[in-house]
Amino acid sequence: MRNYGRMVMACATIISAVVCFAVSLEVGDRREQVQMLKRQIARDVKEMRRLQAEWQIRVRPAQLQRLNDSYFGLTAPTADRYFASAEAYVAFAADTDSVPQEPQVLPAIDTMDEPQPAPRTYLTQAGNGEARVVALSSDGPAVAMRVPAPSARPMERATQPRFDAHAAPRVQMASWSEEPAMPRAAAVRSGNPAVHIQLASWSPEPLPSDVRAVSAGFVSSQADRPRKAVSKVAEDAVASKPAKPKTEAVREERIVKEERQVASAAPARPKPAAPAAGRIGGLDSSTIASIERLTAAEEGPQ
Amino acid sequence: MNPAALRSLRIQLAGHRQQALEQSRQRLVIGVLVFAAIAVIIALRLVDLAVLKAVDRSPGTDILAALRPPRADIVDRNGEVLATTIKVQALAVRPHKVLGDKAELTRRIVAIVPDLDLAFVEQQLRSRAKFRYVTRRLTPEQVTRLNAIGEPGLEFQEEAERVYPNGELAAHVLGYTNIDGKGMAGIERSFDQRLLDEEQLSKPLQLSIDVRVQHALEYELTLAMQKFSAIGAAGVIMNVHTGEVLAMASLPSFDPNAVSRSPSSTWFNRATQGVYELGSTFKAFTTAMALERGVVTMDKKYDATKPLPIGRFRIRDDHPKNRWLTIPEIFIYSSNIGTAQMALEMGTEAQQEFMRKLGFLEPEKIELKETAQPLFPNPWGKAATMTVSYGHGIAVTPLHLATGMAAVVNGGVWRPATLAVIPTGTAAPAGQRIFSTETSRQMRALLRMVVVDGTGKQADAPGYRIGGKTGTAEKPGVGGYQRKSLITTFASAFPMDDPKYVVIATLDEPKGIKETYGFATAGWNAAPVVKSVVQRVGPILGVEPNIERDVDLRPYHQYVAEKTSLTE
Numbered sequence: 001m002r003n004y005g006r007m008v009m010a011c012a013t014i015i016s017a018v019v020c021f022a023v024s025l026e027v028g029d030r031r032e033q034v035q036m037l038k039r040q041i042a043r044d045v046k047e048m049r050r051l052q053a054e055w056q057i058r059v060r061p062a063q064l065q066r067l068n069d070s071y072f073g074l075t076a077p078t079a080d081r082y083f084a085s086a087e088a089y090v091a092f093a094a095d096t097d098s099v100p101q102e103p104q105v106l107p108a109i110d111t112m113d114e115p116q117p118a119p120r121t122y123l124t125q126a127g128n129g130e131a132r133v134v135a136l137s138s139d140g141p142a143v144a145m146r147v148p149a150p151s152a153r154p155m156e157r158a159t160q161p162r163f164d165a166h167a168a169p170r171v172q173m174a175s176w177s178e179e180p181a182m183p184r185a186a187a188v189r190s191g192n193p194a195v196h197i198q199l200a201s202w203s204p205e206p207l208p209s210d211v212r213a214v215s216a217g218f219v220s221s222q223a224d225r226p227r228k229a230v231s232k233v234a235e236d237a238v239a240s241k242p243a244k245p246k247t248e249a250v251r252e253e254r255i256v257k258e259e260r261q262v263a264s265a266a267p268a269r270p271k272p273a274a275p276a277a278g279r280i281g282g283l284d285s286s287t288i289a290s291i292e293r294l295t296a297a298e299e300g301p302q
Numbered sequence: 303m304n305p306a307a308l309r310s311l312r313i314q315l316a317g318h319r320q321q322a323l324e325q326s327r328q329r330l331v332i333g334v335l336v337f338a339a340i341a342v343i344i345a346l347r348l349v350d351l352a353v354l355k356a357v358d359r360s361p362g363t364d365i366l367a368a369l370r371p372p373r374a375d376i377v378d379r380n381g382e383v384l385a386t387t388i389k390v391q392a393l394a395v396r397p398h399k400v401l402g403d404k405a406e407l408t409r410r411i412v413a414i415v416p417d418l419d420l421a422f423v424e425q426q427l428r429s430r431a432k433f434r435y436v437t438r439r440l441t442p443e444q445v446t447r448l449n450a451i452g453e454p455g456l457e458f459q460e461e462a463e464r465v466y467p468n469g470e471l472a473a474h475v476l477g478y479t480n481i482d483g484k485g486m487a488g489i490e491r492s493f494d495q496r497l498l499d500e501e502q503l504s505k506p507l508q509l510s511i512d513v514r515v516q517h518a519l520e521y522e523l524t525l526a527m528q529k530f531s532a533i534g535a536a537g538v539i540m541n542v543h544t545g546e547v548l549a550m551a552s553l554p555s556f557d558p559n560a561v562s563r564s565p566s567s568t569w570f571n572r573a574t575q576g577v578y579e580l581g582s583t584f585k586a587f588t589t590a591m592a593l594e595r596g597v598v599t600m601d602k603k604y605d606a607t608k609p610l611p612i613g614r615f616r617i618r619d620d621h622p623k624n625r626w627l628t629i630p631e632i633f634i635y636s637s638n639i640g641t642a643q644m645a646l647e648m649g650t651e652a653q654q655e656f657m658r659k660l661g662f663l664e665p666e667k668i669e670l671k672e673t674a675q676p677l678f679p680n681p682w683g684k685a686a687t688m689t690v691s692y693g694h695g696i697a698v699t700p701l702h703l704a705t706g707m708a709a710v711v712n713g714g715v716w717r718p719a720t721l722a723v724i725p726t727g728t729a730a731p732a733g734q735r736i737f738s739t740e741t742s743r744q745m746r747a748l749l750r751m752v753v754v755d756g757t758g759k760q761a762d763a764p765g766y767r768i769g770g771k772t773g774t775a776e777k778p779g780v781g782g783y784q785r786k787s788l789i790t791t792f793a794s795a796f797p798m799d800d801p802k803y804v805v806i807a808t809l810d811e812p813k814g815i816k817e818t819y820g821f822a823t824a825g826w827n828a829a830p831v832v833k834s835v836v837q838r839v840g841p842i843l844g845v846e847p848n849i850e851r852d853v854d855l856r857p858y859h860q861y862v863a864e865k866t867s868l869t870e
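The listed protein sequences derive, respectively, from chains G and S. At position 91 of the first sequence the residue is numbered 91 (my numbering), and the sequence of numbers has no breaks. At position 543 of the second sequence the residue is numbered 845 (my numbering), and the sequence of numbers has no breaks.
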């Protein structure tokens with residue numbers, strides 16, 4: 001009986017030890033997974049910032065302008081694109097050669113004191129399904145409608161769209177300063193190399209001595225419409241030899257010195273504490289808050 | 303001894319021996335067990351530490367550090383990124399640690415990063431220093447390939463790089479940072495502390511600038527600069543009711559990503575740092591002041607038959623009418639003589655007071671450090687009063703003009719310009735009332751008349767009801783005014799029946815071209831810029847062009863004798 005008792009006790013001890021050990025192993029495993037996830041999140045967040053910067057570079061207004069000038073030639077909608085009534089629009093859409101609407105010459109209307117008239121412009125679903133029902137007030141937001149671009153209005157288009165290989169965006173992450181689309185003349189304005197650049201006689205800026213850089217860029221173009229001139233596209237200038245001002249050499253020296261110090265002296269200063277985070281692109285504040293809680297829970301008891 | 307005793311003794315001895323052996327064996331076992339136990343405990347503890355309690359404290363897992371950029375972003379009023387910081391790898395070399403052939407290494411580096419200068423890379427590799435940068439801003443693919451060379455002397459430094467994705471857009475507003483990440487100009491400088499503030503690093507700084515509007519303004523000004531061979535241009539678009547600056551352009555511009563590559567003259571912000579005599583645009587303020595003081599009414603006439611003598615000078619009109627002119631006529635025909643008389647009647651103190659209230663005597667209050675002190679006459683006598691009335695003798699920045707114009711057309715309240723966004727729904731800043739609503743209303747009509755029937759006809763975009771005032775001023779130079787160097791301005795607001803936005807466009811030294819019949823005045827070059835800008839920007843800003851709406855000018859027709867249009 002005693003033997004049994006002792007054996008049972010021994011077995012129980014062994015079994016519980018094994019089970020506890022297994023649980024500890026499991027915990028360690030989970031913790032390892034969490035660490036991996038955290039590393040992945042940190043990597044992804046960095047990548048998100050990089051991608052956002054890259055996205056904004058690719059859709060920057062100058063690039064869109066260049067693409068528009070090369071491919072579409074779209075211009076801003078003028079007053080004659082806003083239709084006074086559904087009938088006027090339907091009539092225009094049916095006959096693309098027609099002038100959209102006669103400008104109605106009315107005497108200048110009511111004084112500013114009177115209440116604004118009710119929403120005037122109204123579009124209905126046209127037969128081809130292009131328009132949408134929108135009620136606009138006279139000063140409301142622009143009509144968000146799809147009007148089939150009439151082919152009978154050649155003067156609205158800047159150039160025939162052509163597929164210019166050079167117009168394709170060639171944005172590299174490594175460089176994003178490029179020549180603007182305007183043609184740049186390399187020659188100095190003829191006849192007067194010592195042209196006096198005077199911004200204003202009382203401006204605090206001293207008169208610059210190098211004239212070339214400032215005056216060389218702007219040549220009056222004889223194009224009949226300015227927008228046509230813009231369709232000449234220049235290559236993106238890529239970053240050439242990196243400028244190496246004095247500050248970079250100073251920085252290099254500093255890095256070498258720092259390394260020497262680190263090798264011989266005290267450990268590095270601790271990182272600043274994690275502050276409250278707001279919204280960052282992609283991650284909202286509740287996600288950030290939960291990450292903070294997780295970090296705080298981990299760092300607390302240890 | 304008897305044998306029995308011997309036997310028992312032997313048995314006793316044997317028993318002792320056995321016991322002793324037994325004991326020693328037991329002790330040996332215990333000793334071994336103790337060592338084994340120690341070993342097992344150590345092993346268990348090792349496993350415990352290595353597997354169970356392992357906490358990875360490497361920097362790769364610090365998510366919050368990754369979330370928090372080293373410098374806060376700057377975004378525009380719609381959330382588009384204007385400035386951001388990303389981590390880029392820079393390639394550095396430790397020349398003394400380079401194994402292998404340096405020439406071969408140079409060749410391989412340049413093969414991977416083609417923009418590099420071969421000679422420069424060679425020089426860096428062969429230098430005597432311990433550490434040298436080769437290039438910065440590598441793409442991740444380039445990093446992988448450079449790493450694959452397997453050269454221990456090459457190193458990658460991860461650096462935080464300030465990126466301005468929109469290139470030259472709004473460069474003067476944003477400014478730039480130096481190599482240490484410190485703001486050197488623009489918003490980067492004036493908000494440097496806030497951008498580095500630990501608590502607000504993940505919250506972007508939101509400006510009132512709208513990139514689309516900014517681009518439209520810069521683009522049209524650039525086209526005009528090219529067309530008229532101007533040496534510079536400036537423009538401001540402002541919300542009249544809140545003072546928010548939606549666009550501020552100063553051309554020629556620079557690329558904040560590569561500041562050192564642009565000449566230093568481009569860093570000058572013509573909209574806030576350049577003070578210019580803005581010419582006839584000041585007549586809007588003089589007329590408003592005179593109406594406000596009650597000194598004049600619409601039907602009052604002034605003698606513009608002959609030039610007005612003052613001291614040894616005479617004030618002339620550019621297009622003399624040689625008759626008596628009413629107030630609207632003085633404004634539409636831009637008569638210096640009439641305006642000077644208006645100012646004289648108002649008095650020097652009153653004029654100075656209004657100028658002060660409009661903020662024309664001190665630097666503009668805006669969130670940029672690059673502002674300029676306007677220049678005004680000192681002493682401010684009678685002659686100065688007359689010249690200031692038509693915009694000569696006082697030099698202010700285009701931004702001053704914008705805030706002043708906003709005060710004239712928005713109902714008479716002056717608010718400072720601001721680059722910080724005022725979210726829709728938030729109350730606008732209180733401001734200071736300078737003119738009455740009635741004066742503002744009358745000025746709106748007069749400004750609209752200038753565009754409908756006066757010098758600003760080329761600014762009339764159908765449906766947008768633009769109203770404004772042209773101003774052509776000669777730039778003062780050594781030995782008097784240079785007749786050929788002009789500063790042309792068009793100060794406008796739209797839609798004039800209920801103004802929402804002020805648009806200022808200034809060109810520096812535009813030239814006359816064939817299309818403009820050789821004229822280089824504001825009506826020929828600055829006004830068309832405003833027309834193009836408003837046509838592009840109106841729909842974005844929520845102003846629908848409506849050709850059936852306009853300012854009611856009928857009450858003023860009686861004051862204007864001729865309906866001829868002056869495109870000057």
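Quick reminder that beta carbons are idealized off the backbone N, C-alpha and C, glycines included.
Within the stretch 590-666 of chain S, the complete alpha helix (DSSP H) runs of at least 4 residues fall at 629-634, 638-648 and 650-659. Taking 7 angstroms as the CB threshold, G5 (chain G) stays off the interface with chain S. Taking C-beta atoms as the reference points, P812 (chain S) and A822 (chain S) count as a pair closer than 7 angstroms. Secondary structure within the stretch 737-784 of chain S: the alpha helix (DSSP H) runs of 4 or more consecutive residues, fully enclosed, are 739-755 (chain order).
From the beta-carbon of N380 (chain S), no residue of chain G is found nearer than 7 angstroms; the closest lies around 12 angstroms away.
Scanning chain S for C-beta atoms nearer than 9 angstroms to the C-beta of Q56 (chain G) yields E382, V383, L384, T386, V465, P467 and N468, reported in chain order. Residues of the same chain with a CB within less than 8 angstroms of the CB of L548 (chain S), apart from the 5 flanking positions on each side, are R379, S510, I511, D512, V515, Q516, I539, M540, N541, Y803 and L843 in chain order. Between the beta-carbon of A487 (chain S) and that of Y435 (chain S) there is about 24 angstroms, and that puts the pair past the 8 angstroms contact cut.
For L748 (chain S), the closest C-alpha among the options S:T790, S:S794 and S:P778 is that of S:S794.
Across the stretch 54-87 of chain G, CB contacts with chain S closer than 9 angstroms involve E54, W55, Q56, I57, R58, V59, R60, P61, A62, Q63, L64, Q65, T75, A76, P77, T78, A79, D80, R81, Y82 and A84, in sequence order along the chain.
At least 7 angstroms separates the beta-carbon of L384 (chain S) from that of V390 (chain S). A385 (chain S) carries a strand assignment under DSSP once its states are collapsed to helix, strand and coil. Cα atoms of I388 (chain S) and L498 (chain S): separation of roughly 15 angstroms, rounded to the nearest angstrom. Among the residues facing chain S, K38 (chain G) is included, as its CB has a counterpart in that chain under 7 angstroms away.
Uninterrupted alpha helix (DSSP H) stretches at least 4 residues long and entirely within the stretch 446-520 of chain S occur at 473-476, 488-492 and 494-498, given in chain order. Within the same chain, Cβ atoms closer than 8 angstroms to the Cβ of L448 (chain S) are found at L393, I411, I414, V415, L440, L456 and F458, the five residues on either side in sequence being excluded. Taking 8 angstroms as the upper bound for CB-CB distance, W716 (chain S) and I696 (chain S) are not in contact here, some 17 angstroms apart. Under the DSSP assignment, T689 (chain S) falls in the alpha helix (DSSP H) whose first and last residues are K684 to S691.
For A316 (chain S), there is no enclosing beta strand (DSSP E); the enclosing alpha helix (DSSP H) covers residues P305 to V349. Under DSSP, the beta-bridge partners assigned to M540 (chain S) are S:V547 and S:V804.
The contact set of G695 (chain S) on chain G, defined by CB atoms closer than 7 angstroms, is empty, because the minimum CB distance reaches about 12 angstroms. Listed by position along chain G, the residues whose Cβ is nearer than 7 angstroms to that of E490 (chain S) form an empty set, because the closest Cβ is around 16 angstroms away. Note: D810 (chain S) is bridge-paired with S:G534 and S:I789 in the DSSP secondary-structure output. S637 (chain S) is a Cβ neighbour of A606 (chain S), given a cutoff of 7 angstroms. Going by beta carbons, L476 (chain S) and P558 (chain S) fall inside the 7 angstroms limit. Going by beta carbons, A686 (chain S) and P679 (chain S) fall inside the 7 angstroms limit.
Pairing Q40 (chain G) with D482 (chain S), the inter-Cα distance amounts to about 29 angstroms. The beta-carbon of K786 (chain S) is placed no less than 7 angstroms from the nearest beta-carbon of chain G.
Annotated three-state conformation of R439 (chain S) is strand, per DSSP. Taking a C-beta distance under 7 angstroms as the contact criterion, M688 (chain S) and I632 (chain S) do not qualify as a contact pair. In the three-state DSSP reduction, F821 (chain S) falls in the coil class, being neither helix nor strand. DSSP links S552 (chain S) through a beta bridge to S:A536.
Using beta-carbon distances, K432 (chain S) counts as an interface residue toward chain G, with a partner under 7 angstroms. Between P841 (chain S) and G765 (chain S), the gap from beta carbon to beta carbon reaches 7 angstroms or more. With respect to D810 (chain S), G534 (chain S) sits close: the two C-beta atoms are nearer than 7 angstroms. For the C-beta of V353 (chain S), the chain G residues within less than 7 angstroms are, from N- to C-terminus, L25 and G28.
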